[in-house]
Structure formats: C-alpha cells, structure tokens
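See below for the structure under consideration.
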Amino acid sequence: MGLKCRNCGSPAEIEMVDLGMHPLCQDFLSEERVNTYEKFYPLHVFVCDTCWLAQLGEFATPDEIFSEYAYFSSYSDSWLDHARRYAEKMTAELGLTGDSLVLELASNDGYLLRWFKDLGVRVLGVEPAANVAEAARALGIETIVEFFDRDLAARMKADGVQADLIAANNVLAQVPDLHAFVGGIPEVLAPDGVVTFEFPHLVRLLDENQFDTIYHEHFSYFSLQTAVDIFGRNGLEVFDVERLPTHGGSLRLYLHHADDTTRKVTDRVGEMLQEELDYGLQDPDTYRAFGERAAKVKRDLLTVLIDIKERGESVAAYGAAGKGNTLLNYCGIGRDFLDFVADRNPYKIGKYTPGTHIPVLDPKEIAERRPQHILILPWNLKAEIMSQLSYVSEWGADFIVPIPTVEVVPAVAS
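To convert, count from 1 in the sequence shown and add 452; that's this note's numbering.
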C-alpha cells in the first residue's frame, strides 16, 4: 500500500524497496536496555509518479529521532575537511565579512560553522538535538535548539535575522514536513542571499545499490528534478548545481529568491535534469529493479561472512554509522558474525547497536584483539578508514566493503 506524497499530495504507489522491519538507526542501546523491548518500524520506500519523490512513511516522529542524537559530524576527518573547503569557497565567492551572517540549519556539533567563525564571519546555528548543540556551543557557536520551520523563521525574522548565506547539509531528507521547513527559508534569507543544500543524489543511490542509506530519519530521497519542484513551490530558485563525492555521491544546490535577478541559472541545471530523465527517473521500472539488487548484496555479503566463520576466523566492523545499522539489520548480521563494532565517537562507545546488539568499542580494541577481517560499515569513508587502519596489515587482515558490491580488499601498510 502506497503513501500520500509529502511534496505534492498525490498517491505514492510505486514500490522501490522493502527492507523489512528496523529499529531507529541511531538509537544505540545502553547495557540496561539490551534485554528490554525495542521498537521496530517498516523500511518500505515508495515513489510518487507525479513529482517522483521517493519516500518512507512517517512511523517515528522527529522528536523521537532527534531530541537526543548519536551522530556527531566532527568525528570524520574527511567531513571536517569538506566543511572547511566549503567555508573558504563560499566566503571568497560571496565576499563574506565580519558584517555578514551565515546561518546553518541542522548545524550539528559546529563542524561547519567553526570554519566560518575562524574566518571572522558571524554565524548562527539551528539544531534540534540538545546534546549535539551543546558541543557547538562549547565552540562559541550560538545555536538555537529547535526544529526549523515557518514558525521559528518568523520569530527569527522578527529578531532581525537576515542571512547572507544559509547552509543546509544533509538535512532535507530528515524533514517530514518539507514545505514547513523549506517555506521558512525565504523569511530569513537576505534579498540577495544564497542558500546551499547538500543531499545524496537519488541516481547514485539507485545506480550503486546504496540501500543502506535508507533509514527512518531519512524520510525522503531526492533527485534534482524533485528538489526544483519543492523549492519552486516555496519561492526559491535553483540557479546552479554541482556534484560532490560525499556520502556516496551527493549534489550541492545553489538557490536564491525566485525574484532575485542578480544571478542567471547555469547550464549545469538543465544538463543534470536531462541526465536524470535519460537515466529513467520518470520510469517506474527504474525503481522496481532496485529491490532485487539490494537483495543480491545481502546474499553476497552473507556468503562471504558465512565462509569466514566456517573457517573459524574473526570479524569486527568499523564505524557504527546509521547506514551500517540498516545493513546489519537487513542482512541479519549480529554477534554470530561480528565480535564488535569500533567507533571513534565516545557517545556510542560502551553501547550496543540497535536491533543487532553488537557492542560498540573504542578503535584501540582492533589492535588489541587483532580481527582477521574488518567490515567497513561507512563505505563512503573507506579510503579514510583503510588509511587509519593500515596497521592491520601487520597480521594480514583484510577489509570487507559491502557497497556497491561486496569486495574484499587486503590491508596495505601506509
């Protein structure tokens, strides 16, 4: 049974993939909660054949998901570097100064705004997760702890907030009421201001079997064509787009007020819209074929792990990422396959993965326990992780990379 599209209101009846029942992917369990009741919700993606938005139903509320959150952006070195380069680029291109204001929506732990602050630009964050916002405030970054929507935007505007740049990285997918969120942006955007959105590109998700990027906090999955429609309904125009390597292949969209004539729409926008059409994003069969490709990755990964365990060898995982919990729960990989998951985030260390109940330990345990195989859960960071863990070559360990296809890569000393 399909859904009512959260963008255009039409029926969303094309089934893209059914990954079964899952817990919330960032709901890491304390020792006390491991043997208690755990909620599971459907992970079933449907597509609207009017505006072509891919989407989940809203089974868990944003308050349940984000009030206390386990994801801290600053624990990825490559993501910090991505943020730094963005800050330098936008400061230069827009001529931002100490009189300018950069507003970030879903500002997390200050991973991005810290760089603008270092460049002498005024910053303001909006972050609904109080525990994460506290980390940003410790860096001296003013942060509003609230969900951004039209109501908050109106209050911010009344307080004089007019941003020269609004950044919204990997947040649009996490918004169930798209128009309440996007509709607030024009209120706090200066007349000649710029907005940038980053989100994983639906084409990459489909083309590279990235089913593990589907989880309950990601209510929607975007193409450029759908994003243009959503923003246009709220008085914003996409005037440029670029491809990014982050999160397995993302888009960065540049927007301004729809009546702002100071910038022309680049040819890149039309070219990418045509690429999406050529790929088949308006063909229901493109989406229907995705489910079987996800199932093949599941079968192939289980085959590799079963063979390893039959040989009596040890396996650990690295990176207790949200996408990893989708993978583990979909494939049924628990402590019968994995000894532990290593992660740098102290918020997760000492807890257990949702659904599969694998202990999350400090990465130093890899050197202590010497697992023979390491399953990389945040495969989008595989180069960074393989470099950090190059020392496992000392005992002949290898890495298992599950996406886009299962691959076993020997560790190489750096």
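The beta-carbon is built from N, C-alpha and C at its ideal position, and this holds for glycine as well. Predicted model, so just to flag it, every value in this text is computed and none were measured.
Subject >> Inter-residue Cα distance where the pair is K609 and N832 >> reply: Translated into positions along the sequence shown, residue 609 becomes position 157. Translated into positions along the sequence shown, residue 832 becomes position 380. Straight through space, the alpha carbons of N832 and K609 are spaced by roughly 38 Å.
**OP:** Check whether the Cβ atoms of A772 and T805 sit closer than 8 Å, and answer yes or no.
**Re:** Along the sequence shown, read from residue 1 onward, the residue named residue 772 stands at position 320. Along the sequence shown, read from residue 1 onward, the residue named residue 805 stands at position 353. Yes, the Cβ-Cβ distance between A772 and T805 is below 8 Å.
**OP:** Determine the contact status of A863 and S845, defining contact as a CB-CB distance below 8 Å.
**Re:** Along the sequence shown, read from residue 1 onward, the residue named residue 863 stands at position 411. Along the sequence shown, read from residue 1 onward, the residue named residue 845 stands at position 393. For A863 and S845, yes; Cβs fall inside 8 Å.
Subject >> P862: first and last residue of the uninterrupted beta strand (DSSP E) it sits in >> reply: If you number the sequence shown from 1, residue 862 lands on position 410. Unbroken beta strand (DSSP E) run through P862: 859 to 862.
Original post:
In chain order, which continuous runs of the alpha helix (DSSP H) of length 4 or greater are located wholly inside the segment 616 to 687?
Top reply: For secondary structure counted as the alpha helix (DSSP H) over 4 or more consecutive residues, the segment 616 to 687 holds these complete runs in sequence order: 630 to 634, 637 to 640, 654 to 659, 676 to 684.
**OP:** Would you tell me roughly how many angstroms separate the C-alpha atoms of D795 and T713, rounded to the nearest one?
**Re:** Start at 1 with the first residue of the sequence shown, and residue 795 comes out as number 343. Start at 1 with the first residue of the sequence shown, and residue 713 comes out as number 261. Cα to Cα, the separation comes out at about 47 Å.
Subject >> beta strand (DSSP E) runs contained entirely in the segment 761 to 849, provided each spans 3 or more residues >> reply: Counting whole runs of 3 or more residues, the segment 761 to 849 contains the beta strand (DSSP E) stretches 767 to 770, 825 to 828.
Original post:
In angstroms, rounded to a whole number, what distance separates the CA positions of E660 and K716?
Top reply: Residue 660 sits at position 208 when you count from the first residue of the sequence shown. Residue 716 sits at position 264 when you count from the first residue of the sequence shown. E660 and K716 have their C-alpha atoms spaced approximately 33 Å apart.
**OP:** Put L471 into one of helix, strand or coil per three-state DSSP.
**Re:** Residue 471 sits at position 19 when you count from the first residue of the sequence shown. Strand.
Subject >> C-alpha distance - Q677 paired with E765, whole-angstrom precision >> reply: If you number the sequence shown from 1, residue 677 lands on position 225. If you number the sequence shown from 1, residue 765 lands on position 313. Near 47 Å, if we compare the C-alpha coordinates of E765 and Q677.
**OP:** Using three-state DSSP, classify V584 as helix, strand or coil.
**Re:** Position 132 of the sequence shown, counted from the start, is the residue given in the question as residue 584. When secondary structure is reduced to three states using DSSP, V584 falls in the helix class.
Original post:
In whole angstroms, what is the alpha-carbon distance linking L705 and W847?
Top reply: The residue labelled residue 705 in the question sits at position 253 within the sequence shown. The residue labelled residue 847 in the question sits at position 395 within the sequence shown. The straight-line gap separating the alpha-carbon atoms of L705 and W847 is approximately 45 Å.
**OP:** Please list, in chain order, all residues of the same chain as M724 whose beta carbon is under 7 Å from its beta carbon, the five residues on each side excluded.
**Re:** Reading the sequence shown from its first residue, position 272 is the one you call residue 724. Within the same chain, and ignoring the five residues on either side of M724 in sequence, the residues whose Cβ sits closer than 7 Å to its Cβ are L676, V693.
**OP:** Spatial neighbours of G550 within its chain, please: CB distance less than 6 Å, with the 5 preceding and 5 following residues excluded, ordered by chain position.
**Re:** Within the sequence shown, numbered from 1, the residue matching residue 550 stands at position 98. Excluding five sequence positions before and after G550, the CB atoms of its chain that fall closer than 6 Å to its own CB belong to G572, given in chain order.
**OP:** Tell whether a beta-carbon distance below 8 Å holds between R602 and G636.
**Re:** What you label residue 602 is simply residue 150 of the sequence shown in a count that begins at 1. What you label residue 636 is simply residue 184 of the sequence shown in a count that begins at 1. It is a contact, given that the beta carbons lie within the stated cut-off.
**OP:** Give a yes or no on contact between the segment 612 to 619 and the segment 578 to 589, applying the rule of three or more CB pairs nearer than 8 Å.
**Re:** No, because fewer than three Cβ pairs between the segment 612 to 619 and the segment 578 to 589 fall closer than 8 Å, the two stretches do not touch.
**OP:** Compare the beta carbon distance of F663 and V861 with 8 Å and say whether it is the shorter of the two.
**Re:** In the sequence shown, counting from the first residue as 1, residue 663 sits at position 211. In the sequence shown, counting from the first residue as 1, residue 861 sits at position 409. With contacts defined by Cβ atoms closer than 8 Å, F663 and V861 do not form a contacting pair.
**OP:** Could you tell me which residues DSSP puts in a beta bridge with G577?
**Re:** Along the sequence shown, read from residue 1 onward, the residue named residue 577 stands at position 125. The partner list for G577 (beta bridge, DSSP) reads E556, T595.
Original post:
In this structure, does DSSP put Q734 in helix, strand or coil?
Top reply: Along the sequence shown, one-based indexing puts residue 734 at 282. If DSSP states are grouped into helix, strand and coil, Q734 belongs with coil.
Original post:
Cα separation between F742 and D752?
Top reply: On the sequence shown, residue 742 is found 290 positions in, with the first residue counted as 1. On the sequence shown, residue 752 is found 300 positions in, with the first residue counted as 1. Their Cα atoms are separated by approximately 16 Å.
Original post:
According to DSSP, which residues form a beta bridge with D692?
Top reply: Looking up residue 692 in the sequence shown gives position 240. DSSP, once it has assigned bridges, lists Y706 as partnering D692.
**OP:** Leaving aside the five residues before and after V767 along the sequence, list all residues of the same chain whose C-beta is less than 8 Å from its C-beta, in chain order.
**Re:** Translated into the one-based positions of the sequence shown, residue 767 becomes position 315. The answer, listed in chain order, is L757, I760, K761, F789, L790, D791, P823, Q824, H825, I826, L827, I852.
Subject >> Y493 in three-state terms, based on DSSP >> reply: Looking up residue 493 in the sequence shown gives position 41. It is a strand residue.
Original post:
Going by other Cβ atoms of all chains shown within 10 Å of its Cβ, with 16 needed for buried, is R656 buried or exposed?
Top reply: Sequence index remark: in the sequence shown, residue 656 carries index 204 (1-based). By the Cβ-count criterion, R656 is buried, with 16 or more other Cβ atoms from all chains shown falling within 10 Å of its own Cβ.
Original post:
In the DSSP assignment, what are the bridge partners of C500?
Top reply: The residue you call residue 500 lines up with position 48 of the sequence shown. BP columns for C500 point to A464.
Original post:
Do V647 and A679 have their C-beta atoms within less than 8 Å of each other?
Top reply: As a working note, residue 647 is residue 195 in the sequence shown. As a working note, residue 679 is residue 227 in the sequence shown. The beta carbons of V647 and A679 sit no closer together than 8 Å.
**OP:** May I ask which residues mark the beginning and end of the alpha helix (DSSP H) holding D533?
**Re:** Translated into positions along the sequence shown, residue 533 becomes position 81. In this chain, the alpha helix (DSSP H) harbouring D533 covers 529 to 546.
Original post:
With 16 other CB atoms within 10 Å as the buried threshold, where does P830 fall?
Top reply: Mapped onto the sequence shown, residue 830 falls at position 378. Note on P830: 16 or more other CB atoms within 10 angstroms of its CB, so buried under the neighbour-count rule.
Original post:
N487: which of E859, K803, S866 sits nearest, CA to CA?
Top reply: Position 35 of the sequence shown, counted from the start, is the residue given in the question as residue 487. Of the residues E859, K803, S866, the one whose Cα lies closest to the Cα of N487 is K803.
Original post:
Across which residues does DSSP place Q507 in a beta bridge pair?
Top reply: Position 55 of the sequence shown, counted from the first residue, corresponds to residue 507. DSSP, once it has assigned bridges, lists F498, S672 as partnering Q507.
Subject >> Minimum C-alpha distance to A506 - residue among P475, L548, E556, L455 >> reply: On the sequence shown, residue 506 is found 54 positions in, with the first residue counted as 1. That would be L455, whose Cα lies nearest to the Cα of A506.
Original post:
Hey, out of L548, L508, L813, A865, whose CA is closest to L871's CA?
Top reply: Any property of residue 871 remains undetermined from this structure, which presents the chain solely from 453 to 866.
Original post:
Relative to the alpha-carbon of E490, which residue among V497, C477, D735 has its alpha-carbon at the smallest distance?
Top reply: For the purposes of this step, residue 490 is identified with residue 38 of the sequence shown, where counting begins at 1. Ranked by Cα distance from E490, the first of V497, C477, D735 is C477.
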